[in-house]
Amino acid sequence: MKLDLHYNLEQLHVNTLPYAAYFIPKPQQHNTSVTQLSGNWNFGFFNSVAEFEASRHKVTQTLPVPSVWNLHGFDQTQYVNIKYPIPFDPPYVPEDNPCGYYERNFTIDSIYDNDHQFVLNFDGVSSAYYVWINNTFIGYSQVSRIASRFDVTSFVQEGDNTIQVLVVKYSDGTYFEDQDMFRHSGIFRDVYIVERPNNRIEDYTIQTTVDTAVQTGTVHLDVTQVNGKPDYTVALLDQEGGVITEQKGTNEDVLVLNVEDAVFWSAETPYLYTLVITTADEVITEQVGLREVEIKDQQLWINGKSVKLRGANYHDSNPETGYVLTEAQMHEDLTLMKQANFNAIRTAHYPKAPRFYELADEYGFYVMSEADLETHGVVLFYGDENTKDFNIIADDPQYEAPILDRIEASIVPLRNFSSIIMWSLGNESGYGVNIEKAAELAKDLDATRPVHYESAFYAEGGEDFSKLDMISRMYPSPEEIKERYLDNQNITQPFILCEYAHAMGNSPGGLLEYHELLEAYPSFIGAFVWEWCDHAVNISQDEAQPVFRYGGDFGEDLHDGNFCVDGIVSPDRTPHEGYYEFQQVNRPVILSHYDKQTLTFYNRLDFIDANEVLQLRFTITTLSGEQYEEYADLTGFEPHTEISVELQTFIDEAILNQISDILVEYISLKDQTILGHDQIVQERLEFETVTEHEAAYQVSVDDTAHTIHISGENSDYAFDTRTASLTHVTQAGKLVLHEPTAIRIWRAPTDNDINIRKQWEEMGYEHAHTRVYDYSIVESEGGVSIQFQISIVHKRVPKILTGTLTWLVHADGKIEADLELEKNARMPFLPRLGLEFKLSNDYQKLAYYGHGPFSSYDDKQLASHLGYFVSTVNDNFWPHIRPQEDGSHNNTTHVTLNNTTTQVAFNAETPFSFNAKPYSDAQLTTVEHADQLHLDGYTYVNIDVGQSGIGTNSCGPELPERYRMDDAEYHLNFTLQFNTLS
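Residue numbers 1 to 982, in full-length UniProt numbering, belong to the letters of the sequence shown in order.
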């Protein structure tokens, strides 16, 4: 046969069975009806279909199934976001079209004449494939992430059989699968043959309704297609195995099973009943949650409650296996999501394997299940993004059939899963007549669930949106959301963010503003972070030391760099700090009011008492630094109600009058995970540093060396008159600071600085330096003061900042730094502003009183709280896959760094931001991968007025002005002290 089906829009599938509900029956007489074909296959890789056809040696080695061949040494590994990886010439694909030939033997134990059917199932193949059994062509299919089924009854034989599969990398389906991800190829989900009796149920739908007023539920089983004339019984069992009700059916019946005293399914109460369908030859088992979903009054209702979706976008991604996710990986992901208080998942950007939905049913997640449809590359036809081209495929009738095929494929097999509460028609594919028909088809296939589609935003006018149940957007600012949608009286649909808070690198900032709107407006029904995990490939041979690589690291010409590294967990699922930001903002209970000794809490759960899932832990810190820990259980804490706790019931009155702060943590009863916190700060702690000595200082100026020396009984200091730097400190004859300080305005750019970075670089912020115009020395009984008149400058541009830096050497040995600067209003906002100290790298022990334990910035500090934290410099730095700014802590008034002999202490009355890390900002700016960082012998300490916020501008709105370092004037004051350790 001619292998040309993969570029023929008229033939999307050949000899595939109609789409039907996913289920695997168990035979009455045997343990299993499944012949599993996953495992090692013989494999041959070819650079083109023509090369494959000309080859006499199809097989060269083995390859596991499921897998992607790119991560086994074949073909190009490539990450692309928007751009098509091939020329846009549908339905044609390049002649140099890599392909993989798979072959294996399998055994059929027995064949029943005209009595049994054998169905070959492929759960996922990228991107299209041809199938032969025993050298006879069986069929062809495409759509990478859906199940295709072939009736192979007439082709298999009793005993030994051979199956051959040719997978092509590119097909006409490639134009509809332009998702933001690594572009892998191969058989990446399970392959198996299911044996079925002649009299059998082919397809059915399960729908449920609930009556919350009388606590009853109903299961509607509609057997829509049968083969032969099967009689069957249907039983509904509770979780203990007790039979609730049982009925008989024949052929294509509709059965209604009623449940009294029903337990409803929700993300908080994932109770599943078991539906058992028994024929003479088979048993079909389904897990069923009693739940009802509707959109009304501009809200999303689950079982009669208005629900907010706190969600994550979830790609299939593993650093070793690519698209292949094991069940263990799914368990890990879903467990971590639960612990971060997520209740919803968007299956970005395609349907998941069936096992995922089974687990989502069990764990309790509201799932937006998305079709395998994205044509995003059309917006880059002529260079920069041009949304006028966005609708080219969506509005062209020649693409109607493949689009509708993908919608049907994404709904019919999955519509019996309880966790799926809405369908998404796809992602970033523009809008037009084909999407209108897709929405209509979705409603025809399943009228019980809402329909979502974000790219309706790009309609050109006059389109039909009547089948879309919500308005969806990606990455608008909170201000735009409020003005354009939430306060707009002309809008009657609820609003949802299918993507927001782009979590790339050190990110995201600005979460609180979105969630304040989510809580305040009933019509704002949910938001899904982009995204769950970083995509990267682990190239390390050492399991304990992964080495991650992203786009461009594999020699590919077309790629989008590290834009795939944008999750709240690492590729190996280590949580980033952004993970904890979401855990905090999604916390199930919040402190809603504090009045002296009474704390009032609000339960944000929808269906259960908070006391069923958590308890409160109170940590009270007194003004003397002592801490007391108490627990409080909550009784009768019903959904959406408040409850008050009196501190005096478990805290002595004498302690209550001496409180510095109260930290309340919400502890999971299930696994003792901290699900979030709230804190009341009544008065900050003050830290006293050791006074080494008091001395009368001698001052000398060395004009030749441009140095001011200040010498005392036990310490010596030197300042540079050209740079205003403290250049070295000697104490008790030992040199403890031997690198000059510097005023810094540069930070190693974060991924979210990608746009503003260009302006910073243009204005020379990275290499800006201090210019001294004049200085004065004043001696007094209190010490010696040196004031420098300075500016911060770079070649060819105007002055960035002007003002003074004053060093005051106190009589007790402390050095006080006072920095007062005015910013040039025409310059871009600053990354940071402060002083940098280079200590030797043996200063490792770190302690501070400020916001921790996570790094904190003005717009990224939800997960942190005020406290005294002990760490190390190395542990304070998070090695992002692409190195960048990390590890700063704002709201700080006390920092110490120790080596074995000396302590360096920084203190201030007005809180500052600090960072202590083992790498310079210069190195973090230039190095592309974390494993390429090298220690250069220093600990870098930055004491800053502050830093600009983190934001989400890598794929979101610009950093709001309130989080920018763009004030007219800045003032930083702190003391520096060197203490000898005993």
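Where a beta carbon is used, it is the ideal one built from N, C-alpha and C, also for glycine.
Going by beta carbon distance, what residues of the same chain come within less than 7 Å of residue i, once the five residues before and after it are set aside?
i, result
"Gln329", "Asn318"
"Ile244", "Leu236, Leu237, Asp238, Val259"
"Thr622", "Ile655, Gln658, Ile659, Ser660"
"Gly567", "Ala503, Glu531, Trp532, Cys533, Asp534"
"Asp633", "Asn611, Gln615"
"Phe524", "Leu486, Phe495, Leu517, Leu518"
"residue 1012", "For residue 1012 there is no data in the structure shown, the boundaries of the chain being 1 and 982."
The alpha helix (DSSP H) that contains residue i, what's its start and end?
i, result
"Asp89", "Per DSSP, Asp89 belongs to no alpha helix (DSSP H) and is neither H nor E."
"His515", "511-520"
"Thr902", "Unbroken run through Thr902 is the beta strand (DSSP E), 902-917; no alpha helix (DSSP H)."
"Arg196", "Looking at the DSSP string, Arg196 is not in any alpha helix (DSSP H); the run it does join, the beta strand (DSSP E), is 191-197."
"Thr925", "921-926"
"Gln584", "577-585"
"Asp716", "Premise fails: Asp716 lies in the beta strand (DSSP E), 715-720, not in any alpha helix (DSSP H)."
"Asp875", "873-876"
"Asp444", "433-445"
"Glu779", "Unbroken run through Glu779 is the beta strand (DSSP E), 769-780; no alpha helix (DSSP H)."
Out of the options, state which residue places its alpha-carbon closest to the alpha-carbon of residue i.
i, options, result
"Asn915", "Asp967, Trp878, Lys388, Phe637", "Trp878"
"Arg355", "Val59, Lys467, Asn198, Leu334", "Leu334"
"Gln672", "Asp405, Val379, Tyr631", "Tyr631"
"Gly526", "His57, Ser472, Ala968, Val547", "Ser472"
"Asp151", "Tyr79, Val14, Gly73", "Val14"
"Asp921", "Phe869, Glu969, Phe837, Asn890", "Phe837"
"Tyr580", "Asn953, Gln861, Ser141", "Gln861"
"Asp222", "Ile345, Tyr271, Val254", "Val254"
"Gly249", "His706, Tyr204, Ile792, Val34", "Tyr204"
What did DSSP end up calling residue i once you bin it into helix, strand or coil?
i, result
"residue 984", "Outside the shown range of the chain (1 to 982) lies residue 984, about which nothing can therefore be said."
"Lys239", "With the sequence shown as reference, residue 239 is identified as Gln, and Lys is not the correct amino acid for it. It is coil, neither helix nor strand."
"Tyr204", "strand"
"Asp361", "helix"
"Ser592", "strand"
"Gln789", "strand"
"His30", "coil"
"Arg291", "coil"
"Ile407", "helix"
"Lys758", "helix"
"Tyr350", "coil"
"Trp69", "helix"
"Leu497", "strand"
"Gly813", "coil"
"Ala344", "strand"
"Ala742", "strand"
Below 8 Å CB to CB, which residues in the same chain sit around residue i once its five sequence neighbours on both sides are set aside?
i, result
"Val772", "Thr721, Arg722, Thr723, Ala724, Phe788, Gln789, Ile790"
"Val68", "Ser126, His184, Ser185, Gly186, Phe188, Thr321, Gly322, Tyr323, Val324"
Excluding five sequence neighbours on each side, which residues of the same chain lie with their C-beta closer than 6 Å to the C-beta of residue i?
i, result
"Glu180", "Note on identity: in this sequence residue 180 is Asp, with Glu being the wrong assignment. Cβ neighbours of Asp180 beyond the five flanking positions: Asn81."
"Asn40", "Thr62, Pro64"
"Asp395", "Gly432, Val433"
"Leu966", "Looking at the sequence shown, residue 966 is not Leu but Asp. Closer than 6 Å at Cβ, skipping near neighbours: Phe829."
"Leu805", "Ala724, Phe788, Ile790, Leu819"
"Glu556", "Gln76, Gln78"
What span of residues does the beta strand (DSSP E) with residue i cover, start to end?
i, result
"His331", "It is not in any beta strand (DSSP E) - His331 instead sits in the alpha helix (DSSP H) that spans 327-339."
"Asn953", "Segment: none, Asn953 is in no beta strand (DSSP E) and carries neither H nor E."
"Ile313", "The displayed chain sequence assigns Asn, not Ile, to residue 313. That run of the beta strand (DSSP E) goes 309-313."
"Gly555", "Element bounds for Gly555: n/a, residue is neither H nor E."
"Thr49", "Thr is not the amino acid found at residue 49; the sequence shown has Val there. Not the beta strand (DSSP E): Val49 falls in the alpha helix (DSSP H), residues 49-54."
"Leu897", "889-898"
"Glu665", "659-668"
Do the region 841-851 and the region 818-825 make contact, defined as three or more Cβ pairs closer than 8 Å?
Touching, no, given that fewer than three Cβ pairs across the two stretches are closer than 8 Å.
Using a Cβ distance threshold of 8 Å, determine whether the region 408-423 contacts the region 279-292, with at least three qualifying pairs required.
Short answer: they touch.
Count the C-beta pairs between the region 181-192 and the region 206-219 that are closer than 8 Å, then say yes if the count reaches three, no if not.
As far as the Cβ criterion goes, the region 181-192 does not touch the region 206-219, which means the pair count is below three.
Counting Cβ pairs, one atom from each stretch, are 3 or more of them under 8 Å apart for the region 526-540 and the region 896-911?
No contact exists between the region 526-540 and the region 896-911.
Taking contact to mean 3 or more Cβ pairs, one atom from each stretch, closer than 8 Å, check whether the region 632-647 and the region 699-716 are in contact.
Counting Cβ pairs under 8 Å, fewer than three are found: no touch.
Counting Cβ pairs closer than 8 Å, one from the region 753-771 and one from the region 848-862, do we hit at least three?
Here the region 753-771 makes no contact with the region 848-862; the two share fewer than three CB pairs at distances below 8 Å.
Using 8 Å as the cut-off, can you tell me whether the region 944-956 makes contact with the region 747-757, which would need three or more C-beta pairs spanning the two stretches below that distance?
A contact exists between the region 944-956 and the region 747-757.
Quick check: the region 395-415 against the region 370-385, are at least 3 beta-carbon pairs closer than 8 Å?
At 8 Å Cβ cutoff, the stretches touch.
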